[in-house]
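Chains as they are written, first to last, in my numbering: chain W, 1 to 402; chain F, 403 to 804.
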């Protein structure tokens, strides 16, 4: 048997709501092939040498321009840092800014695999609940105070405020302002996982936390403007995984300049140069060719159709007692089951009936989430989305989830 | 001012013996461009999706074949794991197998930037001296015993046994056997940094420590043979940085199957899939095109000429009291200065005179190395190698190193 090339493994006969992957049919393979060829033919020496620790200057400039077109505001160059995607960025941050046994605050529910990265670093996870308006900043203040009384200072807060994974919810502007202010006053580093910010379907989401940080000197969009700017303690994590291709292992972060400097001075980067350096050159070329903006528009339309198809099927087929909210972007719907249902306990029965999902409690650092499941719509056809919901509805109606 | 794309920064007027980088003129940019185009055109969906945690199966198969052609023995697939280069591999190993405050043993002198990675993880470094026959295994046994008496167990030993960075020396077969046996009996994990194994100039070096591990079931070259094999506690770290291109950020490790499994189960890989996945596909394509073996031959000849040119200039120009040994491969010569010289103290004077190097003490976790300097010949033309040595000789004769 050959070893697999890729991570995704689809089981025949099962409609997999579990995988939150971009659809491979939506990867711009031909355009990336062209960008790779140009990058290596014209700038092969740069693309194949040890990369600058901060990431290639040409990608940082392309990112500044793109973020400005998308959001009307862009970090100055010394506040940008190229990563190997959010997972690698979280890993690097844990290495440089935490020690085993430290406590960190995590939104709950939140992206479950980030929790695995934190656990690999021996971190203790303290959950802070969210509701449909995002992280409960009042509960965050309580958690900080409770930790303080025990003589502990959390190293950071991890949150996904926009099109949250798994809930699809987006933090309100009021909550964002409150969180940015609390972070500033409490000296709390906030890791804002913002991978889906650009993948909105109805209207652009509110400004990132980074953009709202109280001491952030904004309006630094002009390419010529590279003066040092004061910055709040927000680290925003972006990625090309959802908007271009996950195999690139490429992302970025925006953060205060001293944070970026510490990342650049890491032993791993001093030794090996910038991570994902080849992919960084390919994507810089792709962006310089003007291909990213139109591609993102195309993705928004494609994923919007899937979200709408899923929601329509849920409305039509799911029995009373189920509830959900329409996400404004991203890849996920967070389904609440009727009282007494436990999504974890009945996963194997669901898979036997030809439908799968991720049980809600996996996204909670502590207790909770048992009555929920995460449904990803990014990978499935409209037909499969409908058929998968039919199967789920059949199980729920037969009370097999009870 | 534009931000740089690459890490290398050459100062005008200074001959830089300090950078141990491959020469950009020797990077196979055109062939890698072709490989990238083919990989993305024909297998774009695979190359751009989340990669298998172990690395793409096609690269693992290509690696098995290549290692067998080079060394006559190849790890079974379940003992191979694709990395983002040695730096990333060391970082991952520190995350998964150590905790801040742990002690690790490091050869001395040894690759200085690996020491920075260990320090980022809060590890305490205990040096073990090497001589011209490699790591002193007798001193290693003493260090283990001394730590044991203090109730401490080192998490690993880090060593560069073949064409050592910085010394160029290669551990003898007898020492290798003794080290492999001691590691086995003491339950000591050995990280064998073997990046230059293939870059020999006169004759192939002895078998890797991995190949000598007492319980290693060797002779597993046949592609069909994938049965689980017992394995010694040696982790061998290989890389494409020196033999293809450092910007690829691609390497591999061979290790016991349970070690590979633990790496594959890391949160970072679960979340992001295999690291350097795009580069892995490009290199697999390059290898399947049959381009690697001839390229490595070409590199051996090119770097051999530079080593010979450097040694010739050293013999001609350096004053009495200097000594060195010819390295059989790799990128470095370890120059011992006359008594009373301190290479660190006089670096700035040397640079003012138009020549630079890395002072020897940077490669030593504890004291030592002050009388040495590392001269890298990989990046310099024959003319610069000679002129650089002339400048060094002038300084030494004027006693400015005193």
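Glycine included, each C-beta is placed from N, C-alpha and C at the ideal position.
Predicted model, so just to flag it, every value in this text is computed and none were measured.
Which listed residue (W:311, W:193, W:23) has its alpha carbon closest to that of residue 253 of chain W: In the first chain, counting from the first residue as 1, residue 253 of chain W sits at position 253. Closest option to residue 253 of chain W, Cα to Cα, is W:193.
On the DSSP bridge list, what partners appear for residue 483 of chain F? Here residue 483 of chain F refers to the residue found at position 81 when the second chain is read from its first residue. Its beta-bridge partners are F:655.
What's the call for residue 216 of chain W, buried or exposed, on a 16-neighbour Cβ count within 10 Å? Taking the first residue of the first chain as 1, we reach residue 216 of chain W at position 216. Low per-residue confidence applies at residue 216 of chain W: pLDDT is 44, beneath 50, and the placement is therefore not dependable enough to give any value.
DSSP beta-bridge partners for residue 356 of chain W? Within the first chain, the letter at position 356 stands for residue 356 of chain W. According to DSSP, which records beta bridges pairwise, residue 356 of chain W is partnered with W:16.
Between the region 93-112 of chain W and chain F, which residues of the former have CB atoms less than 7 Å from a CB of the latter, in chain order? Hits within the stretch, in order: 95, 96, 99, 100.
For residue 103 of chain W and residue 152 of chain W, which I take to be in contact (beta-carbon distance under 8 Å), what is that distance rounded to the nearest angstrom? Position 103 of the first chain, counted from the first residue, corresponds to residue 103 of chain W. Position 152 of the first chain, counted from the first residue, corresponds to residue 152 of chain W. Yes, they are in contact, since the Cβ atoms of residue 103 of chain W and residue 152 of chain W sit about 5 Å apart, within 8 Å.
Quick one: list the residues of chain W neighbouring residue 426 of chain F, beta-carbon separation under 8 Å, in chain order. For the purposes of this step, residue 426 of chain F is taken as the residue at position 24 of the second chain. Near residue 426 of chain F (Cβ distances below 8 Å), the residues of chain W are 45, 48, 49.
Opposite residue 134 of chain W in the DSSP bridges: which residues? Along the first chain, read from residue 1 onward, the residue named residue 134 of chain W stands at position 134. Answer is W:131, bridged to residue 134 of chain W.
Short-range partners of chain F found in the region 185-209 of chain W, where Cβ spacing is below 8 Å: none
Residues that residue 414 of chain F contacts on chain W, provided the C-beta gap is smaller than 8 Å: As a first step, residue 414 of chain F is located in the second chain; it is residue number 12 there, counting from the start. Counting only Cβ-Cβ distances below 8 Å, residue 414 of chain F has no contacts in chain W at all, with the closest Cβ about 19 Å away.
Nearest-angstrom Cα separation, counted from residue 235 of chain W out to residue 264 of chain W: Counting from 1 along the first chain, the entry for residue 264 of chain W is found at position 264. Counting from 1 along the first chain, the entry for residue 235 of chain W is found at position 235. Roughly 15 Å separates the two Cα atoms.
Would you kindly work out how many angstroms separate the C-alpha atoms of residue 354 of chain W and residue 14 of chain W, rounded to a whole number? Counted from its first residue, the first chain places residue 354 of chain W at position 354. Counted from its first residue, the first chain places residue 14 of chain W at position 14. Those two C-alpha atoms are separated by around 4 Å.
Is the CB-CB distance between residue 168 of chain W and residue 332 of chain W below 7 Å? Translated into the one-based positions of the first chain, residue 168 of chain W becomes position 168. Translated into the one-based positions of the first chain, residue 332 of chain W becomes position 332. Taking 7 Å as the Cβ cut-off, residue 168 of chain W and residue 332 of chain W qualify as a contacting pair.
So, under 8 Å CB-CB, residue 198 of chain W and residue 70 of chain W are touching, yes? Tell me the CB distance rounded to an integer number of Å. Taking the first residue of the first chain as 1, we reach residue 198 of chain W at position 198. Taking the first residue of the first chain as 1, we reach residue 70 of chain W at position 70. Contact holds; Cβ gap of about 6 Å.
Coarse secondary structure for residue 522 of chain F, derived from DSSP in three states: Counting from 1 along the second chain, the entry for residue 522 of chain F is found at position 120. It is helical.
Compare the C-beta of residue 7 of chain W with all C-beta atoms of chain F and state if any pair is closer than 7 Å. Looking up residue 7 of chain W in the first chain gives position 7. Cβ-Cβ to chain F under 7 Å: yes for residue 7 of chain W.
For chain W, check one thing: does any of its Cβ atoms lie closer than 7 Å to the Cβ of residue 439 of chain F? Locating residue 439 of chain F in the second chain gives position 37, counting from the first residue. So, interface residue.
Check whether the region 407-425 of chain F touches the region 342-361 of chain W, counting contact only when three or more Cβ pairs, one atom from each stretch, lie closer than 8 Å. Inter-segment contact for the region 407-425 of chain F and the region 342-361 of chain W is absent: fewer than three beta-carbon pairs are separated by less than 8 Å.
Expressed to the nearest angstrom, what Euclidean distance is found between the alpha-carbon atoms of residue 8 of chain W and residue 248 of chain W? Taking the first residue of the first chain as position 1, residue 8 of chain W is located at position 8. Taking the first residue of the first chain as position 1, residue 248 of chain W is located at position 248. Taking the straight line from one Cα to the other gives about 15 Å.
Count the other CB atoms within 10 Å of the CB of residue 88 of chain W; is the residue buried (16 or more) or exposed (fewer)? On the first chain, position 88 is the one that residue 88 of chain W refers to. When all chains shown are included, residue 88 of chain W counts as buried.
Rounded to the nearest angstrom, what separates residue 228 of chain W and residue 213 of chain W at their Cα positions? Numbered from 1 along the first chain, position 228 holds the residue referred to as residue 228 of chain W. Numbered from 1 along the first chain, position 213 holds the residue referred to as residue 213 of chain W. In this prediction, residue 228 of chain W has a pLDDT of 34, which is less than 50 and means its spatial position is unreliable; what the coordinates show is noted afterwards. Spanning the two alpha carbons is a distance of roughly 16 Å.
Is the region 64-80 of chain W touching the region 468-488 of chain F, taking contact as three or more C-beta pairs under 8 Å? With a cut-off of 8 Å, the region 468-488 of chain F and the region 64-80 of chain W do not count as touching, because too few Cβ pairs lie within range.
Near residue 137 of chain W, what residues of its chain come up, given a Cβ to Cβ distance below 8 Å and the 5 sequence neighbours on each side ignored? On the first chain, residue 137 of chain W is found 137 positions in, with the first residue counted as 1. Around residue 137 of chain W, the same chain offers 175, 178, 179, 182 as residues with beta carbons nearer than 8 Å, after the five sequence neighbours per side are excluded.
Contact defined as beta carbons within less than 8 Å: I believe residue 740 of chain F pairs with residue 565 of chain F. What is the distance between those atoms, to the nearest angstrom? Here residue 740 of chain F corresponds to residue number 338 of the second chain, with the count starting at 1. Here residue 565 of chain F corresponds to residue number 163 of the second chain, with the count starting at 1. Contact doesn't hold; Cβ gap of about 26 Å is too wide.
Taking a cut of 9 Å between CB atoms, which residues from the region 450-476 of chain F lie near chain W? Listed in sequence order: 450, 451, 452, 453, 454, 455, 456, 457, 458, 459, 460, 461, 462, 463.
Check whether chain F comes within 7 Å of residue 89 of chain W, counting only Cβ atoms and requiring the distance to be less than that. In the first chain, counting from the first residue as 1, residue 89 of chain W sits at position 89. Cβ-Cβ to chain F under 7 Å: no for residue 89 of chain W.
Alpha helix (DSSP H) segment containing residue 185 of chain W, residue limits: The residue given as residue 185 of chain W occupies position 185 in the first chain. Looking at the DSSP string, the run of the alpha helix (DSSP H) that includes residue 185 of chain W is 173-186.
According to the Cβ coordinates, are residue 189 of chain W and residue 156 of chain W closer than 7 Å? Sequence index remark: in the first chain, residue 189 of chain W carries index 189 (1-based). Sequence index remark: in the first chain, residue 156 of chain W carries index 156 (1-based). Contact: yes.
Can residue 33 of chain W and residue 439 of chain F be called in contact, C-beta distance under 7 Å? Position 33 of the first chain, counted from the first residue, corresponds to residue 33 of chain W. Position 37 of the second chain, counted from the first residue, corresponds to residue 439 of chain F. Contact flag set, yes.
Determine, using beta-carbon pairs with one atom in the region 765-772 of chain F and one in the region 793-800 of chain F, whether at least three such pairs fall under 8 Å. In this structure the region 765-772 of chain F does not lie against the region 793-800 of chain F, because fewer than three pairs of beta carbons, one per stretch, are closer than 8 Å.
Residue 322 of chain W and residue 311 of chain W look like a contact to me (Cβ under 8 Å); what is the Cβ gap, rounded to whole Å? In the first chain, residue 322 of chain W corresponds to position 322, counting from 1. In the first chain, residue 311 of chain W corresponds to position 311, counting from 1. Going by Cβ atoms, the distance from residue 322 of chain W to residue 311 of chain W rounds to 12 Å, so no, they are not a contact pair.
Taking residue 677 of chain F as the query, report the chain W residues whose CB atoms sit under 7 Å from its CB, ordered along the chain. Here residue 677 of chain F refers to the residue found at position 275 of the second chain. Those are 84, 249, listed as they occur along chain W.
Are any of the Cβ atoms in chain F nearer than 7 Å to that of residue 220 of chain W? Position 220 of the first chain, counted from the start, is the residue given in the question as residue 220 of chain W. Reliability fails at residue 220 of chain W, whose pLDDT of 41 lies under 50, so the model's placement of it is uncertain and the value that follows must be treated cautiously. Taking Cβ atoms only, chain F never reaches closer than 7 Å to residue 220 of chain W, which makes this a no.
Judging by CA-CA distance, which residue of W:385, W:378, W:388, W:389 is the nearest neighbour of residue 24 of chain W? What you label residue 24 of chain W is simply residue 24 of the first chain in a count that begins at 1. For residue 24 of chain W, the nearest C-alpha among the options comes from W:378.
For a contact meaning CB atoms closer than 9 Å, what does residue 245 of chain W contact in chain F? Indexing the first chain from 1 puts residue 245 of chain W at position 245. Per Cβ cutoff of 9 Å: 446, 449, 450, 451, 680.
Distance, Cα to Cα, residue 512 of chain F vs residue 542 of chain F? Translated into positions along the second chain, residue 512 of chain F becomes position 110. Translated into positions along the second chain, residue 542 of chain F becomes position 140. Computed Cα separation, rounded: 15 Å.
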